[in-house]
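Those sequence lines, one after another, are chains A and B.
Numbers in the working numbering are just positions in the first sequence, counted from 1, shifted up by 29.
Numbers in the working numbering are just positions in the second sequence, counted from 1, shifted up by 29.
Even for Gly, the Cβ is constructed at its ideal location relative to N, Cα and C.
What follows is a short report on a single structure.
Number of protein chains: 2
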Amino acid sequence: MDKHEVVRLNINFKTLEEFENFREYGVQELSMKEDLEHNIVENDGESPFYGVYFGNKLVGRMSLYRVEGKYDKYFDPPQDYYELWKLEVLPGFQGKGIGHALVEFAKSLGLPVKTNARQRSDDFWAKQGFEAVTYDTVRDRGENPFVWFPQGVTEQK
Amino acid sequence: MDKHEVVRLNINFKTLEEFENFREYGVQELSMKEDLEHNIVENDGESPFYGVYFGNKLVGRMSLYRVEGKYDKYFDPPQDYYELWKLEVLPGFQGKGIGHALVEFAKSLGLPVKTNARQRSDDFWAKQGFEAVTYDTVRDRGENPFVWFPQGVTEQK
Chain A
30 MDKHEVVRLN INFKTLEEFE NFREYGVQEL SMKEDLEHNI VENDGESPFY
80 GVYFGNKLVG RMSLYRVEGK YDKYFDPPQD YYELWKLEVL PGFQGKGIGH
130 ALVEFAKSLG LPVKTNARQR SDDFWAKQGF EAVTYDTVRD RGENPFVWFP
180 QGVTEQK
Chain B
30 MDKHEVVRLN INFKTLEEFE NFREYGVQEL SMKEDLEHNI VENDGESPFY
80 GVYFGNKLVG RMSLYRVEGK YDKYFDPPQD YYELWKLEVL PGFQGKGIGH
130 ALVEFAKSLG LPVKTNARQR SDDFWAKQGF EAVTYDTVRD RGENPFVWFP
180 QGVTEQK
């Protein structure tokens, strides 16, 4: 397995153009583009996205959002955690450990991590050390939440 | 376009087995199965799922969850609304208006509807009269929210 460098992505038109190669492109990316066009955010401002490049090409990405402990409904003791979403590696670059490198980066930040696993990706998340939560209709609303517990952290009951 | 009857699905082992044919099968369905096995819920109890049958085969489904007005962050005036998820029609049955019938059923309940549109399904939702929300990182956390406004309802700002 290669070593892949994970970098924080700058918000600029080039990055947003590269995002169009990913399947999970939607309201969030369109809103980032509008903000740039209207100078609401700075070009090259810090984004919630992290990625892996192959040469000049963005081939994998994810978004990380730090949720404050007071909103934590997943972990015991309640604490700040990272919500991870839009983890995706482009076809042709899958199976090389790029997704794994992105997840390892998220785990290395020292906080619990929660994600909404996409359809039939349970095996991938299990390999990364994530577990399915005990489903709660009100909290989870059709999500497929998988969580990673650092040492000393357990599921909130 | 055929007329498709939308029925509320009973929770039983047969329904849960049919759910395994759908791509969006995950923590929610597994938890329903466990609850049945441990007699926590009644066989044939009412589920949050609705579906369309072709003969005896479940070929389309969705889940509807009524969110209380006090939690409404999408609509003005704030009110009860339906969160719609896991809308899916099996391959071979797509393009026949089954997805449309399910969405029309949700709209017919008289409340606003919100969904997290799956990757690249924007065109489908636009055809159903849904609009993308103004993206809000804290509220939407990587979701791709599309909403349907009944008359007199607008976006919450």
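Check for me: the alpha helix (DSSP H) holding L138 of chain B runs from which residue to which? Here residue 138 of chain B is taken as the residue at index 109 of the second sequence, counted from 1. No alpha helix (DSSP H) contains L138 of chain B, which DSSP labels as neither H nor E.
Nearest-angstrom Cα separation, counted from V167 of chain B out to V88 of chain B: Locating residue 88 of chain B in the second sequence gives position 59, where the first residue counts as 1. Locating residue 167 of chain B in the second sequence gives position 138, where the first residue counts as 1. Approximately 35 Å, taken between the alpha carbons.
Using the three-state DSSP reduction, which class does T163 of chain B fall into: helix, strand or coil? By one-based count along the second sequence, residue 163 of chain B stands at place 134. Of the three classes helix, strand and coil, the one that applies to T163 of chain B here is coil, per DSSP.
From the DSSP output, in three-state form, read off R95 of chain B for me. The sequence position of residue 95 of chain B within the second sequence is 66, counting from 1. Three-state result, R95 of chain B: strand.
With distances taken between CB atoms, is the gap from G74 of chain A to R90 of chain A smaller than 8 Å? The sequence position of residue 74 of chain A within the first sequence is 45, counting from 1. The sequence position of residue 90 of chain A within the first sequence is 61, counting from 1. Going by C-beta atoms, G74 of chain A is not nearer than 8 Å to R90 of chain A.
Would you report the Cα separation of Q157 of chain B and N50 of chain B, rounded to the nearest angstrom? Locating residue 157 of chain B in the second sequence gives position 128, counting from the first residue. Locating residue 50 of chain B in the second sequence gives position 21, counting from the first residue. Taking the straight line from one Cα to the other gives about 25 Å.
For N173 of chain A, would you say it is in contact with chain B, using Cβ-to-Cβ distances shorter than 8 Å as the test? Mapped onto the first sequence, residue 173 of chain A falls at position 144. Closer than 8 Å to some Cβ of chain B, the Cβ of N173 of chain A qualifies, so yes.
Can you tell which of B:L119, B:R95, B:G124 and B:T183 has its C-alpha closest to the C-alpha of Y110 of chain B? The count along the second sequence starts at 1 and reaches residue 110 of chain B at position 81. The shortest C-alpha separation from Y110 of chain B is found at B:R95.
For A130 of chain A versus V35 of chain A, is the C-beta distance shorter than 8 Å? For the purposes of this step, residue 130 of chain A is taken as residue 101 along the first sequence, with counting starting at 1. For the purposes of this step, residue 35 of chain A is taken as residue 6 along the first sequence, with counting starting at 1. Result yes, Cβ atoms of A130 of chain A and V35 of chain A sit closer than 8 Å.
In this structure, does DSSP put I127 of chain B in helix, strand or coil? Along the second sequence, read from residue 1 onward, the residue named residue 127 of chain B stands at position 98. Helix.
For S137 of chain B, which of B:Q108, B:T144 and B:P179 has the nearest alpha-carbon? By one-based count along the second sequence, residue 137 of chain B stands at place 108. If we check each option's Cα against that of S137 of chain B, B:P179 comes out closest.
What does the Cβ neighbour count give for A155 of chain A, buried or exposed, with the cut at 16 atoms within 10 Å? As a first step, residue 155 of chain A is located in the first sequence; it is residue number 126 there, counting from the start. Counting Cβ neighbours within 10 Å, A155 of chain A comes out exposed, since fewer than 16 surround it.
Between S92 of chain B and chain A, is any beta-carbon pair separated by less than 8 Å? The residue labelled residue 92 of chain B in the question sits at position 63 within the second sequence. Answer yes: the Cβ-Cβ gap between S92 of chain B and chain A drops below 8 Å somewhere.
Chain-ordered chain A contacts of R149 of chain B [CB-CB under 7 Å]: On the second sequence, residue 149 of chain B is found 120 positions in, with the first residue counted as 1. Chain A residues near R149 of chain B: R52.
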